[in-house]
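> The structure is given below, and queries will be raised subsequently.
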Amino acid sequence: MSAIAQDATTAASIVVDYEKCIVAKGCRICIDVCPTDILVLDESDGKIKMAYDECWYCLPCEHDCPTKAIRVEIPYLLR
Amino acid sequence: MQTRDIETDFLIIGGGTAGPLAAIRAKQKAPGTRILLLDKANVKRSGAIAEGMDSANNAVIPGFATPEQYVKEITIANDGIVNQATINAYAVRSFDMIRELDEWGVKFEKDGTGDYAVKKVHHLGAYVLPMPEGGSLKKVLFKQLRKFGIPIENRLTVTRLLTGPDGRAAGAVAIDSRSGDFVVIRARAVLLATGAAGRLGLPASGYLFGTYENPTNAGDGYSMAYHAGAELSGLECFQINPLIKDYNGPACAYVTGPFGGYTVNAKGERFIKSDYWSGQMMFEFWRELESGNGPVFLKLDHLAEETVRKIEDVLHITERPTRGRFHAGRHTDYRRDLVEMHISEIGLCGGHSASGIWVDEHARTTVPGLYAAGDVCNVAHNYMLGAMVYGELAAEDAVDYIADREQAQIDDAAVEAERQRLYAPLALDKGLSPTQVEYKLRRMVNDYLQPPKVTTKMEIGLKRFVEIRADIERLVARNPHELMRAAEVRAILDCAELAARASLYRTESRWGLYHYRTDYPRRDDKNWFAFVEVKKGANGEPEFFKRPVPEYIYPLNEKERQSYSDIRIEDDALAA
Chain A
11 MSAIAQDATT AASIVVDYEK CIVAKGCRIC IDVCPTDILV LDESDGKIKM AYDECWYCLP
71 CEHDCPTKAI RVEIPYLLR
Chain B
134 MQTRDIETDF LIIGGGTAGP LAAIRAKQKA PGTRILLLDK ANVKRSGAIA EGMDSANNAV
194 IPGFATPEQY VKEITIANDG IVNQATINAY AVRSFDMIRE LDEWGVKFEK DGTGDYAVKK
254 VHHLGAYVLP MPEGGSLKKV LFKQLRKFGI PIENRLTVTR LLTGPDGRAA GAVAIDSRSG
314 DFVVIRARAV LLATGAAGRL GLPASGYLFG TYENPTNAGD GYSMAYHAGA ELSGLECFQI
374 NPLIKDYNGP ACAYVTGPFG GYTVNAKGER FIKSDYWSGQ MMFEFWRELE SGNGPVFLKL
434 DHLAEETVRK IEDVLHITER PTRGRFHAGR HTDYRRDLVE MHISEIGLCG GHSASGIWVD
494 EHARTTVPGL YAAGDVCNVA HNYMLGAMVY GELAAEDAVD YIADREQAQI DDAAVEAERQ
554 RLYAPLALDK GLSPTQVEYK LRRMVNDYLQ PPKVTTKMEI GLKRFVEIRA DIERLVARNP
614 HELMRAAEVR AILDCAELAA RASLYRTESR WGLYHYRTDY PRRDDKNWFA FVEVKKGANG
674 EPEFFKRPVP EYIYPLNEKE RQSYSDIRIE DDALAA
């Protein structure tokens with residue numbers, strides 16, 4: 011996966027607390043459960059990121075995260 | 134990128150609501166059957182019930198309702214255009230389905246005696262069974278899939294069905310949206326359980342994925358069934374729902390109604406007698422929205438603190454659990470504020486209205502060996518429980534069908550043609566992004582197809598769709614994810630074109646707002662008391678025709694027939 015769309019001008023609706031995230035231990039639950047498949051592991055810095063602005067603000071990523079590291083915000087256009 | 138070949142007996146496309154029930158039922162009835170449950174996302178959290186469900190909207194429970202009452206109510210709510218046999222097939226199994234789910238651990242609301250706490254929301258009867266703890270629904274289903282050892286493949290987007298030389302189902306072709314692998318699946322029977330066409334209209338927010346339906350349900354199943362030669366029904370009977378403005382989730386009168394919540398205009402007055410989602414109700418909702426009394430709101434500010442808290446404990450936790458965050462962002466508190474409502478973008482959905490693949494009471498489509506269940510089939514107002522029952526019906530019939538049939542020969546040329554079509558966007562380095570084409574297409578759907586429908590506008594819309602079809606050749610994808618989106622754009626375009634043509638074909642108005650044509654404003658039972666059907670003609674063009682409404686099992690009297698036309702509260706103050 012090469013396209014990491016997340017940048018300073020796109021307000022990602024999925025916010026990851028990297029202090030709590032245990033992706034380094036091999037956890038991929040949020041990536042697995044996202045219906046629209048928009049979460050990716052950025053190999054360059056080892057962080058989970060929202061790669062596509064295609065969030066249904068539905069919450070499986072947040073609810074299934076074992077360390078409660080994810081917070082989903084309402085996408086900016088809907089707020 | 135590789136090609137993978139899979140062989141199975143019963144291929145189930147879609148692991149949301151109908152799919153899991155079909156898989157389990159097939160395994161129960163014929164344990165030797167090879168089953169494959171496919172999903173575009175992950176079965177653990179896919180489809181319309183990814184975050185559960187807040188209520189069962191069509192529970193037919195002895196002591197509260199009979200199948201006869203229910204079938205009659207849906208017949209009336211859908212302006213008579215139903216195949217009662219299909220609705221009855223659901224109704225007679227509704228209670229068994231609820232009890233099965235209950236045994237598995239799905240929580241339904243019960244009263245102090247342990248009886249199901251059924252509520253009245255529909256215009257005539259009582260069929261709403263609240264699920265205040267319905268958030269865990271998917272987990273319960275997944276546990277059963279594990280228990281029955283159902284093989285699952287996630288992240289496969291099916292783009293075409295395969296048929297044998299005699300036209301019967303032979304399998305499907307899919308793309309793995311992670312690896313980009315091309316997957317060819319041979320199967321002796323196939324079930325389409327791919328959900329609604331939920332990415333048809335563009336939400337008023339302009340956010341492509343801010344849809345009412347789970348946006349993974351892009352209409353793939355409608356497009357696939359059409360290209361496989363199946364008959365589609367009622368594509369002019371759009372799905373349009375009353376929703377929280379901008380958030381675009383249910384407001385939700387089914388949950389709040391039994392607690393005393395209701396829909397009002399800007400004066401704080403009621404204007405509809407029933408909040409049940411029918412075309413007639415949506416027509417009155419739209420009229421009020423556009424009138425001097427608009428917009429429309431959900432009113433809860435008169436309720437006691439403990440009641441409001443109970444409502445929040447359901448609505449902010451289940452089905453669309455971010456709505457509390459949305460309200461907080463807008464500083465809306467049910468205790469003192471009305472909730473602004475709006476109407477949704479259009480979609481195609483059997484579960485909420487009646488647009489879908491034509492099926493009989495065994496979930497059989499018109500293509501032998503191809504079944505459809507859930508929102509993608511045309512069983513009117515079938516909702517979640519109906520999807521589950523139709524999954525079971527499909528499985529029961531399919532395992533018998535499979536028993537004396539060999540795998541049909543698949544057409545290698547068709548597989549190769551689909552491979553070329555699917556992967557073309559990867560070969561281009563300059564062109565149009567799927568997002569851009571989808572945005573334009575869905576904006577055009579709003580501009581030209583959103584009711585009230587006008588003949589000339591729909592004709593112009595069709596011209597725009599033809600132009601966008603030429604743009605499809607210029608789609609560019611940089612990775613398998615975008616390739617999936619490119620494939621979806623094609624399906625959305627098929628749905629848009631068929632919805633426009635079906636709407637032009639029916640030269641009358643029916644189903645309230647769902648098919649309100651200002652240049653044919655009246656209902657015309659003499660000429661149009663029939664289903665409008667479409668299938669792919671021999672020349673490759675869509676062929677439209679009427680299908681007569683089968684004789685009713687439960688005939689309606691004149692008073693019953695008119696009861697949903699009488700949904701507006703006629704009040705001098707309102708009329709003024």
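If you're matching them up, the sequences are chains A and B in order.
Heads up, the first sequence is in this note's numbering, so the first residue is 11 and it goes up one at a time.
Heads up, the second sequence is in this note's numbering, so the first residue is 134 and it goes up one at a time.
Think of the CB as a built atom: it goes at the ideal place given N, C-alpha and C, for glycine as much as any other residue.
Note that the structure is predicted; figures quoted are calculated from it, not measured.
(1) Compare the C-beta of L51/A against all C-beta atoms of chain B and say whether one is closer than 9 Å.
(2) Excluding five sequence neighbours on each side, which residues of the same chain lie with their C-beta closer than 6 Å to the C-beta of R137/B?
(3) How would you write the range of the alpha helix (DSSP H) that E423/B sits in, first residue to last?
(4) Within 9 Å of any Cβ in chain A, is that where the Cβ of M617/B sits?
(5) Short check: CB of K240/B to CB of E201/B, under 9 Å?
(6) Taking P284/B as the query, report the chain A residues whose CB atoms sit under 9 Å from its CB, ordered along the chain.
(7) Is the Cβ of A22/A closer than 9 Å to any Cβ of chain B?
(8) According to the neighbour-count rule (16 or more other Cβ atoms, all chains shown, within 10 Å of its Cβ), is A384/B buried or exposed?
(9) Less than 8 Å between the CB of R576/B and some heavy atom of the ligand NAP, yes or no?
(10) Return the first residue and the last residue of the beta strand (DSSP E) that Y395/B is part of.
(11) Mind listing, in chain order, the continuous beta strand (DSSP E) runs of no fewer than 3 residues lying wholly within the stretch 158-192 of chain B?
(12) Looking at chain B, is there any beta carbon in it that lies within less than 9 Å of the beta carbon of T46/A?
(13) Scan the stretch 295-367 of chain B and note each continuous alpha helix (DSSP H) run of 4 residues or more that stays entirely inside, going in chain order.
(14) Can you tell me where the beta strand (DSSP E) with L144/B in it begins and where it stops?
(15) Please report the distance separating the alpha-carbon of E691/B from that of Y409/B.
(16) Quick one: does D74/A have its CB under 9 Å from some CB of chain B?
(17) Just the chain B side, please: which residues come within less than 9 Å of C68/A by C-beta, in chain order?
(18) Just grab the DSSP bridge partners of D138/B for me.
(19) In chain B, what lies closer than 8 Å to Y62/A by C-beta?
(20) What residue ranges within the stretch 494-566 of chain B form continuous alpha helix (DSSP H) runs of no fewer than 4 residues, ordered along the chain?
(21) For V587/B, which residues from the same chain have a beta carbon less than 8 Å from its beta carbon, with the 5 sequence-adjacent residues on both sides left out?
(22) Count the other CB atoms, across all protein chains shown, that sit within 10 Å of the CB of V509/B; report buried if there are 16 or more and exposed otherwise.
(23) Should L481/B and A329/B be called a contact, given that it needs their Cβ atoms to be closer than 9 Å?
(24) Quick one: list the residues of chain A neighbouring N175/B, beta-carbon separation under 9 Å, in chain order.
(25) Could you check which residue in Y685/B, G670/B, A663/B has the C-alpha nearest to that of I214/B?
(26) Are any of the Cβ atoms in chain A nearer than 9 Å to that of F342/B?
(27) Between Y380/B and chain A, is there a C-beta pair that is closer than 9 Å?
(28) For a quick check, are the C-beta atoms of T451/B and Y67/A less than 9 Å apart?
(29) Which of helix, strand or coil does DSSP assign to L431/B?
(30) Using DSSP's beta-bridge definition, name the partner residues of P263/B.
(31) Buried or exposed for L335/B, please, with buried defined as at least 16 other CB atoms from any protein chain shown within 10 angstroms of its CB.
(32) Would you tell me roughly how many angstroms separate the C-alpha atoms of Q135/B and H614/B, rounded to the nearest one?
(33) Spell out a yes or no on whether the stretch 185-202 of chain B and the stretch 557-566 of chain B are touching, meaning 3 or more CB-CB pairs, one atom from each, closer than 8 Å.
(34) At a CB-CB cut-off below 8 Å, which residues of chain A make contact with G462/B?
(35) Can you name the start and end residues of the beta strand (DSSP E) that E676/B belongs to?
(36) Give the straight-line distance between the Cα atoms of S269/B and W237/B, rounded to the nearest whole angstrom.
Inspection of the coordinates gives the following:
(1) No, no contact with chain B.
(2) Cβ-Cβ distances below 6 Å link R137/B to D314, V316 in the same chain, with the five nearest sequence neighbours on each side left out; the list follows chain order.
(3) 412-423
(4) yes
(5) no
(6) Under the 9 Å cutoff, chain A gives no residues; its nearest Cβ is about 17 Å from P284/B.
(7) no
(8) buried
(9) Among the components of this structure there are no ligands whatsoever, and the ligand NAP is therefore not found.
(10) Element bounds for Y395/B: 395-398.
(11) 168-171
(12) yes
(13) Runs of the alpha helix (DSSP H) inside the stretch 295-367 of chain B: 353-360.
(14) Judged by DSSP secondary structure, L144/B falls within the beta strand (DSSP E) whose first and last residues are 143-146.
(15) 21 Å
(16) yes
(17) R178, A183, E184, N347, R453, P454, T455
(18) D138/B is bridged to V317/B.
(19) Taking a Cβ-Cβ threshold of 8 Å, the residues of chain B close to Y62/A are H614, in chain order.
(20) 516-536, 545-560
(21) R650, T651, D652
(22) By the 10 Å Cβ count, V509/B comes out buried.
(23) Yes; because the gap between Cβ atoms is below 9 Å, this pair is in contact.
(24) D42, V43, C44, P45, D47, P70
(25) A663/B
(26) yes
(27) yes
(28) no
(29) strand
(30) S188/B
(31) By the neighbour-count criterion, in which a residue is buried when 16 or more other Cβ atoms sit within 10 angstroms of its Cβ, L335/B is buried.
(32) When rounded, the distance between both Cα atoms is 16 Å.
(33) no
(34) I84, R89
(35) 675-681
(36) 11 Å
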